[in-house]
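Chemist:
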Amino acid sequence: MSTMKTTRDVRGVGLSIPRPDGPEKVTGRVQYVADMTSRGLLHAKLLRSRHAHARIVGIDTTRAKALPGVRAVLTARDIPELKHKAPTRAHAVLAIDRVVFAGQPVAAVAADEAAIAEEALDLIEVQYEVLPAAVDPLKSMQPGAPPVAELGTEADTSEALAHSAVAMAKGEAAPAKAVNISQTAAVKRGDVAKGFAESDLVLEHTYRVPMVHQGYLEPHAVLAEWDRAGNLTLWASTQGSFNTRSEVADVLGIEENRIKVIPVECGGGFGGKIRALCEPITALLARATKRPVRYVMTRREELEAGMPAPQVIIRLKTGVKRDGALMALEAETVLESGAFSGTVLAVSAVFLGSLYRWPAFDIKGSEVLTHKPSVAAYRAPVAPQTIFAIDSHMESLARALALDPVEFRRRHLQKPGEPMVNNQPWASNGAHEVLTRIAEHPLWKEREAWKKSSGNGHGLRGTGLALGGWLGGLQPTSATVKLNPDGTLAVLTGQVDIAGTNIALAQIAATAYGLDIDKVKITTGDTDVAPLTGLSAGSKTIYTVGTAVLQAAQNARQQTLEIAAKELEASVQDLEIVDGKVIVRGVPDKGVTLASIGKKGNLYMSKVEPVLGVAHPAFSQQAPAFAAQLARIEVDPDTGQTTLHDFVVVQDAGHAINPLGVEGQMQGGAVQSLGIALTEALMYDDSGRLMNPSLLDYRTLTAADLPDIETIIVEVPSPSGPYGARGVGEPPIVPAPAALANAIHDATGVRLTEVPLTPERIALAIAAKG
Amino acid sequence: MNVRKQAMTLTLNDELVEVLVKPYETLLDTLRETLGLTGPKEGCGTGDCGACTVHLDGKAVASCLVLALQARNRQVRTIEGLGTDDTLHPLQDAFVRHGVPQCGFCIPGVLMAAAALLAETPRPSDEEIRYGIAGNLCRCTGYTKMVTAIAEAAAAVPQGAR
């Protein structure tokens, strides 16, 4: 543990401090990309395919080009960089001769006004030969299904590496026998057949979670501008400016040094703004017109052609003894990746096979391509879907065996040190602690009374809980900490602040250096000035960048003390920093101010070196983080309408650096989790067209749908995180689908295995039960 | 697109403004693109998300669904005119203290909806607050701190002060 002794009265780690950008945000002064302009700005629009799968026979842009105010119309023919077998969406800038999902861009326009660009789209004539589409992933896996990728296209596993950092036995990475299976993985231990044969109860269900959208309020937006020397500047709404730079450089075939990505305030990402999407085409339009070009996606485009979460289908079969002993688990996970590869396959196997202690398991996973928009991460990718399956299953087993559901989970929950499916040991975590804590909650203890109060003018009442978590992401990073000439401290990273992490990083720097938080400024630099860093994703910013800031601040402190030691003719060990001054411990009168040390580092003819703390760590140890959630609900048995009365989140934050920010993450994540549970689904017709491309029909939860979300922070320190901190962003989106299905089971006696848990599904299930 | 622009006046954040608009232009586009007030956001363009909420004659409206010409000779207030340059409105102040804004994109619309609610219902119940901002989608906060902040701001304003 890298905690160092801190000085007295330092306001830093552990305090609830509102984000410093609050005043700018509540006054509407914060600038997002769509709020920015540039002299001579042009507006871009994309013509998108209406068909999920079609051959492009011909494109005529003559009339569009002739429209006054139109400055450029591009098709694939105008972009020599484009190649067949595009490995990612970013590379497939415009469709070349075949479209593979409804919403795929076919042509691009830049014009003086957005309305002119829009009108030009109507003047582009595209002739399609419509082809059969693979819409259902289970059918798409079969031989003879309409092919999605060109044969020989490489699978994309980069996201999996950044996100979950779990090494897995992998199957074939290139398209296997069936052309639309783009990745497979398998893990096995023990004798599953024997386990089932010796079981008293074998339970099998197939769980389904449809594609859902991250639902960030700010649609994708980018502003691109080239200088005459061929250098590109991108103002981007991104979760990782260095990643955006790498992807755009790769697509355009230019050096990364020629691209500067300026990360603009990100209006929500949740995983959907990791990968490049509209940056390459906007850069190409700017290159073609030699003008700055801004592109802002519409909400309809976001829903039809964003990068949603994959549909996840899990067939799960388990065998147990009458006394509750676990015997065997068999599972097949299908991840529907849409038109391009890029899902996270390993997470599902880890939670299915090794959250609980299965002596024998056989788990297979496949990533399947379909003619739908390709997917990306969504906050704890594949974890809510997997926990929906395994936690629902554990609840069903406990009920079938008449065992206490919390005790049943607790008995089989793996402990730190026990092996995951890949035989790596579980790292230290607070899974047991959060489960214990939520079972002590009055709403859980009073669940029988709540259930008994059903009827008499009330609906059917029930309580459910679920346990889920996240393994913790890892990525190398770097940070600098410099002492200013007036004794204040400046922290620089390239880390995009999408979750209030900058204030927490400043708190870490303040505590590690020994200075009040008010004296610390933190800056997110662009890709030209900031040291390299990774994505703001996978709940790893505080865990990894926090460590870099901690080390850089300690490094700066050490340099400061060494300078002071010479001046005070004392040894470094005897010094401390108090109230902006380095003093000899116990002799407060004898000291040198930070301001004087800072000033000497920037004085003409001075021999004192400027204080510059630097750290650039890489990581190998994950810090899993768990949350348990509890729902108290009421179901109208006639309509199936569910009312959520109470919702509790218990989460292990390791050490809450800024509890106010942690609570915000827990509440926001919980409501996204509840959206997956109750209302959200991207719904496609048989031809692969989205049927609900608006926020009226794609229903995210509103304030009126919800109670207050109660938060309880548990702190089981991580051995390697800064001050024991763990990631907090992902865990709260994980448990609610299972918690709600368990609560509905408690209330109605029906077990639903497909979300969203709509009134229709609930009412039909109740009616079928009779 | 060769449509003639029309001149109109409106009172915008307490100042009389004259502006040229196209007949098909939305109030949101005029505010953002012509008048440079980028506080109101476009989250959907179809009136479903509430990020573009402004006051038109004191009532909360989705400015993406209002034509600019409909605001002729009327009072428009945006987030830029909720507080003053020196002082935050009590709602804004409560939002900052409670750490409500995360990504911040929905916040201008939520604040304008909440201000319109308090103008009509100075002491709203939690349920009235929840319904008062039900037209505003937020993806970051889960709404809990938002409701708390609005209730606190309402309680802080003396009765009859509005």
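Chains as they are written, first to last, in this note's numbering: chain X, 1 to 770; chain H, 1001 to 1162.
For every residue, glycine included, the Cβ atom is placed at its ideal position computed from N, Cα and C.
For clarity, every value in this text was computed on a predicted model and none was experimentally measured.
State yes or no: is the C-beta of P610 of chain X within less than 8 Å of the C-beta of E304 of chain X?
Modeler: No, these two residues do not count as a Cβ contact at 8 Å.
Chemist: For the beta strand (DSSP E) containing W358 of chain X, list its first residue and its last residue.
Modeler: Per DSSP, W358 of chain X belongs to no beta strand (DSSP E) and is neither H nor E.
Chemist: Applying the criterion that 16 or more other CB atoms from any shown protein chain within 10 Å of the CB defines a buried residue, is G455 of chain X buried or exposed?
Modeler: Counting Cβ neighbours within 10 Å, G455 of chain X comes out exposed, since fewer than 16 surround it.
Chemist: Is C266 of chain X close to chain H, meaning its C-beta is less than 8 Å from at least one C-beta of that chain?
Modeler: Yes - at least one Cβ of chain H is within 8 Å of the one on C266 of chain X.
Chemist: Give me the residue from X:N231, X:W226, X:P219 and X:I254 with the minimum Cα distance to C266 of chain X.
Modeler: Among X:N231, X:W226, X:P219 and X:I254, the Cα nearest to that of C266 of chain X belongs to X:P219.
Chemist: Hey, does E1015 of chain H have any beta-carbon neighbour from chain A nearer than 8 Å?
Modeler: Note that chain A does not occur in the displayed structure, where the protein chains are X and H.
Chemist: Go to P1023 of chain H, then tell me how far its beta strand (DSSP E) extends in each direction, as first and last residue.
Modeler: Run containing P1023 of chain H: none; DSSP gives neither H nor E here.
Chemist: Return helix, strand or coil for L161 of chain X, following the three-state DSSP convention.
Modeler: Because the pLDDT at L161 of chain X is just 49, under 50, the model does not fix this residue reliably, and the point stays unresolved.
Chemist: Look at the alpha carbon of L471 of chain X and the alpha carbon of I733 of chain X, and state the distance between them as a whole number of angstroms.
Modeler: L471 of chain X and I733 of chain X: Cα-Cα distance of roughly 13 Å.
Chemist: So, at 8 Å on beta carbons, what are the nonlocal neighbours of R300 of chain X in its own chain, with the 5 sequence-adjacent residues on each side left out?
Modeler: If we look at R300 of chain X and ignore the five residues flanking it on each side, its Cβ neighbours are P693 and S694.
Chemist: Is it right to say R1139 of chain H is buried, meaning 16 or more other beta carbons lie within 10 angstroms of its own, or is it exposed?
Modeler: So R1139 of chain H counts as buried.
Chemist: Could you give the C-beta distance for P731 of chain X and G469 of chain X, rounded to a whole number, given that I count them as a contact under 8 Å?
Modeler: P731 of chain X to G469 of chain X, Cβ: 5 Å. Contact.
Chemist: Do A90 of chain X and P280 of chain X have their CB atoms nearer than 8 Å?
Modeler: Their beta carbons are under 8 Å apart, which means A90 of chain X touches P280 of chain X by this criterion.
Chemist: Examine the Cβ distances between the region 355 to 368 of chain X and the region 412 to 426 of chain X and report whether three or more of them are shorter than 8 Å.
Modeler: Yes, the region 355 to 368 of chain X touches the region 412 to 426 of chain X.
Chemist: Going residue by residue through the region 702 to 736 of chain X, where are the continuous beta strand (DSSP E) segments of at least 3 residues, counting only ones entirely within it?
Modeler: If we require 3 residues or more, the beta strand (DSSP E) runs fully inside the region 702 to 736 of chain X come out as 709 to 714.
Chemist: Please state if the CB of D636 of chain X and the CB of G459 of chain X are separated by a distance shorter than 8 Å.
Modeler: For G459 of chain X and D636 of chain X, yes; Cβs fall inside 8 Å.
Chemist: Considering just the uninterrupted stretch of the alpha helix (DSSP H) at G661 of chain X, what are its terminal residues?
Modeler: Segment P659 to L678, the alpha helix (DSSP H) holding G661 of chain X.
Chemist: Is A155 of chain X near S341 of chain X, with beta carbons less than 8 Å apart?
Modeler: For A155 of chain X and S341 of chain X, yes; Cβs fall inside 8 Å.
Chemist: Within a Cβ cutoff of 7 Å, which residues of the same chain sit near T711 of chain X, ignoring the five residues on either side of it in sequence?
Modeler: Once the five neighbours on either side are set aside, the close Cβ partners of T711 of chain X are V649, E663, M666 and Q667.
Chemist: Does the beta-carbon of A1007 of chain H have 16 or more other beta-carbons within 10 angstroms, so that it is buried, or is it exposed?
Modeler: Its Cβ having fewer than 16 others within 10 Å, A1007 of chain H is exposed.
Chemist: Can you tell me the Cα-Cα spacing of P759 of chain X and G464 of chain X, whole angstroms?
Modeler: Spanning the two alpha carbons is a distance of roughly 18 Å.
Chemist: Between A1119 of chain H and I1133 of chain H, how many whole angstroms is the CB-CB distance? I'm expecting something under 8 Å.
Modeler: With a Cβ gap of about 14 Å, A1119 of chain H and I1133 of chain H do not count as contacting.
Chemist: Is it right to say V1003 of chain H is buried, meaning 16 or more other beta carbons lie within 10 angstroms of its own, or is it exposed?
Modeler: Answer is exposed; the Cβ neighbour count stays below 16.
Chemist: At 8 Å on the CB atoms, spell out the chain X contacts of L1088 of chain H, in chain order.
Modeler: Neighbours of L1088 of chain H on chain X, chain order: P23, V26 and T27.
Chemist: Could you say which of X:D526, X:P617, X:A763 and X:A615 lies nearest to S237 of chain X if we only look at CA atoms?
Modeler: Among X:D526, X:P617, X:A763 and X:A615, the Cα nearest to that of S237 of chain X belongs to X:D526.
Chemist: Around the C-beta of R322 of chain X, are 16 or more other C-beta atoms found within 10 angstroms, so that it is buried, or is it exposed?
Modeler: Result: exposed.
Chemist: Report the CB separation of R379 of chain X from G669 of chain X in whole angstroms; it is logged as a contact under 8 Å.
Modeler: The pair is a contact, with the Cβ atoms about 7 Å apart (cut-off 8 Å).
Chemist: Indicate whether Q127 of chain X and M211 of chain X have their beta-carbon atoms separated by less than 8 Å.
Modeler: Going by C-beta atoms, Q127 of chain X is not nearer than 8 Å to M211 of chain X.
Chemist: Out of curiosity, what's the CA-to-CA distance linking D646 of chain X and K1059 of chain H?
Modeler: Distance between the alpha carbons of D646 of chain X and K1059 of chain H: 32 Å.
Chemist: Let me know if G724 of chain X comes out buried or exposed under the rule of 16 or more other beta-carbons within 10 Å of its beta-carbon.
Modeler: Looking at its Cβ environment, which holds 16 or more other Cβ atoms inside 10 Å, G724 of chain X is buried.
Chemist: Measure the alpha-carbon distance for P175 of chain X versus S182 of chain X and round it to whole angstroms.
Modeler: Model confidence at P175 of chain X stands at a pLDDT of 44, short of 50, so the residue's coordinates are unreliable; what they give is reported in the following sentence. If you take the alpha carbons of P175 of chain X and S182 of chain X, they lie about 5 Å apart.
Chemist: I'd like to check one pair, L94 of chain X with V106 of chain X: are the Cβ atoms closer than 8 Å?
Modeler: Against a cut-off of 8 Å, the Cβ pair of L94 of chain X and V106 of chain X comes out as a contact.
Chemist: Can you list the residues of chain X that R1097 of chain H reaches, using a CB-CB cut of under 7 Å?
Modeler: By Cβ distance, chain X contributes P18.
Chemist: Quick one: is Y378 of chain X near chain H, going by C-beta distance under 8 Å?
Modeler: Closer than 8 Å: no.
Chemist: Anyone know if the C-beta pair for R291 of chain X and R71 of chain X falls short of 8 Å?
Modeler: Yes, they are a contact pair.
Chemist: Given a threshold of 16 other Cβ atoms within 10 Å of its Cβ, counted over all protein chains shown, does S453 of chain X qualify as buried or as exposed?
Modeler: It counts as exposed.
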